[in-house]
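Here the structure comes first, spelled out in structure tokens, and everything after it is commentary.
Residue numbers (our numbering): 5 to 329.
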């Protein structure tokens, strides 16, 4: 996962998106626009699933900070250019929120990018999905928000799946798995914090997220400058196919992924968007097997299945519970 999915959960009603809301159904049935938005979000899930393979492959060429700088500078630039007409309206609130959550996003992405280099790409995709189950638990723990009782056994199911995923043949845990789990914890907290800090505030989702992406790029740049070694020389020695991967991650994995979610939020429902995005770990496993020849044993297959089922079911249960409140 490459950009925060708090947006998909309806955390913010962006002023520039209001005109299109309320168009997701006709007589209770999904419209053609809704199905089109679903296909766009499915494209996001597929692209994000492929990013774990891409991040692992890029590890042979670039340090983590330099990789983040190149990828997110490109993604932030693309979104900024497409929304130039909106930037004059940027408020102090949006700037502060973008900087705060950009810092958290940088921590998440740094850990994800580092962790995938020390574990299976398929494992990384499944383990980061744990954040889906942690969000309602964090809301209950820190914000006293009521959650459906079924969330608790689903979380236990997800944790069981994580345990099965992290055990290799020697019954030991890979360091990369622990790093990815740390990223999942921060990601869940970021989603909860984003929702609580932006609820009821007139902020533009587009501008806040663009600022976040620039903060991630700046963080990568600063760490690259202070990092000892040949960090910047790596960039001059990149082969052409590595540059193509960076463009793919920056444009498709960042700019397109965000814009597709924003469009879906206008014409679909947070539940539909969230459920479609929950298929990301499945695609991560498919790409890992096809492109990296990774082998998932019975325990890993069972663990991944438990995480995926609990994530999809958990999103549906949580959304249904919120509608009933």
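All C-beta atoms in this analysis are idealised placements derived from N, C-alpha and C, irrespective of residue type, glycine included. Note that the coordinates shown come from a computational prediction; the quantities given were computed from them, not determined experimentally.
{"Query": "Tell me whether residue 30 sits in a helix, a strand or coil according to DSSP, three-state version.", "Result": "Low confidence applies to residue 30: its pLDDT is 45, below 50, so where it sits in the model is not reliable, and the reading given next is rough at best. If DSSP states are grouped into helix, strand and coil, residue 30 belongs with the strands."}
{"Query": "State the Cα-Cα distance for the pair residue 242 and residue 108, rounded to the nearest angstrom.", "Result": "29 Å"}
{"Query": "At 4 residues or longer, and completely inside the stretch 252 to 292: list those alpha helix (DSSP H) runs for me, N to C.", "Result": "261 to 271, 274 to 281"}
{"Query": "Determine the closest residue to residue 220 out of 211, 123, 57, 77, with distance taken between C-alpha atoms.", "Result": "77"}
{"Query": "Could you tell me which residues DSSP pairs with residue 171 in its beta bridges?", "Result": "177"}
{"Query": "Could you tell me the boundaries of the alpha helix (DSSP H) in which residue 331 lies?", "Result": "This structure cannot settle anything about residue 331, because the visible part of the chain is limited to 5 through 329."}
{"Query": "So, residue 217 versus residue 307, is the Cβ gap smaller than 8 Å?", "Result": "no"}
{"Query": "Please determine, among 187, 145, 95, the residue with the shortest C-alpha to C-alpha distance to residue 117.", "Result": "187"}
{"Query": "I'd like to know if the stretch 119 to 132 and the stretch 293 to 311 are in contact, where contact means that at least 3 CB-CB pairs between them fall below 8 Å.", "Result": "yes"}
{"Query": "Quick check: the stretch 42 to 56 against the stretch 278 to 285, are there 3 or more CB pairs under 8 Å?", "Result": "yes"}
{"Query": "Between which two residues does the alpha helix (DSSP H) harbouring residue 69 extend?", "Result": "68 to 86"}
{"Query": "Can you list, in chain order, the residues of its chain with a C-beta nearer than 7 Å to that of residue 62? Leave out the 5 residues immediately preceding and following it.", "Result": "71, 246, 249"}
{"Query": "Given a threshold of 16 other Cβ atoms within 10 Å of its Cβ, counted over all protein chains shown, does residue 240 qualify as buried or as exposed?", "Result": "exposed"}
{"Query": "Can you tell me which of the three DSSP states residue 238 falls into?", "Result": "helix"}
{"Query": "Can you tell me the Cα-Cα spacing of residue 257 and residue 263, whole angstroms?", "Result": "11 Å"}
{"Query": "Determine the direct distance from the alpha carbon of residue 132 to that of residue 53, and round the result to whole angstroms.", "Result": "11 Å"}
{"Query": "Less than 8 Å between the CB atoms is what I'm expecting for residue 120 and residue 60, so what's the real figure, rounded?", "Result": "5 Å"}
{"Query": "Beta-carbon separation of residue 162 and residue 272 under 8 Å?", "Result": "no"}
{"Query": "Thinking residue 165 and residue 311 are a contact (beta carbons under 8 Å), I'd like their distance in whole angstroms, please.", "Result": "4 Å"}
{"Query": "For residue 269, tell me which candidate among 209, 69, 135 has the shortest Cα-Cα distance.", "Result": "209"}
{"Query": "How long is the line joining the alpha carbons of residue 29 and residue 38, rounded to whole angstroms?", "Result": "In this prediction, residue 29 scores a pLDDT of 45, lower than 50, which makes its location untrustworthy; the coordinate-derived value is nonetheless stated afterwards. Approximately 7 Å, taken between the alpha carbons."}
{"Query": "Along the chain, where does the alpha helix (DSSP H) containing residue 347 start, and where does it finish?", "Result": "This structure does not reach residue 347, given that the chain is present from 5 up to 329, and the question cannot be answered."}
{"Query": "Helix, strand or coil: which one does DSSP assign to residue 310?", "Result": "helix"}
{"Query": "Where do the ends of the alpha helix (DSSP H) carrying residue 63 lie?", "Result": "Looking at the DSSP string, residue 63 is not in any alpha helix (DSSP H), and its letter there is neither H nor E."}
{"Query": "Please determine, among 318, 100, 88, the residue with the shortest C-alpha to C-alpha distance to residue 141.", "Result": "318"}
{"Query": "Please tell me whether residue 3 and residue 223 are closer than 8 Å, where the distance is taken between their beta carbons.", "Result": "With the chain covering only 5 through 329, there is no way to say anything about residue 3."}
{"Query": "From the DSSP output, in three-state form, read off residue 25 for me.", "Result": "The pLDDT assigned to residue 25 is 38, lower than 50, so where the model puts this residue is not dependable; a value taken from the coordinates is nonetheless given after this. DSSP places residue 25 in coil when its eight states are reduced to three."}
{"Query": "With residue 91 as the anchor, note down where its alpha helix (DSSP H) starts and where it stops.", "Result": "Premise fails: residue 91 is in no alpha helix (DSSP H) and is neither H nor E."}
{"Query": "Can you tell me whether residue 315 is helix, strand or coil according to DSSP?", "Result": "helix"}
{"Query": "So what's residue 127 in DSSP terms, helix, strand or just coil?", "Result": "helix"}
{"Query": "Identify whether residue 244 lies in helix, strand or coil by the three-state DSSP scheme.", "Result": "helix"}
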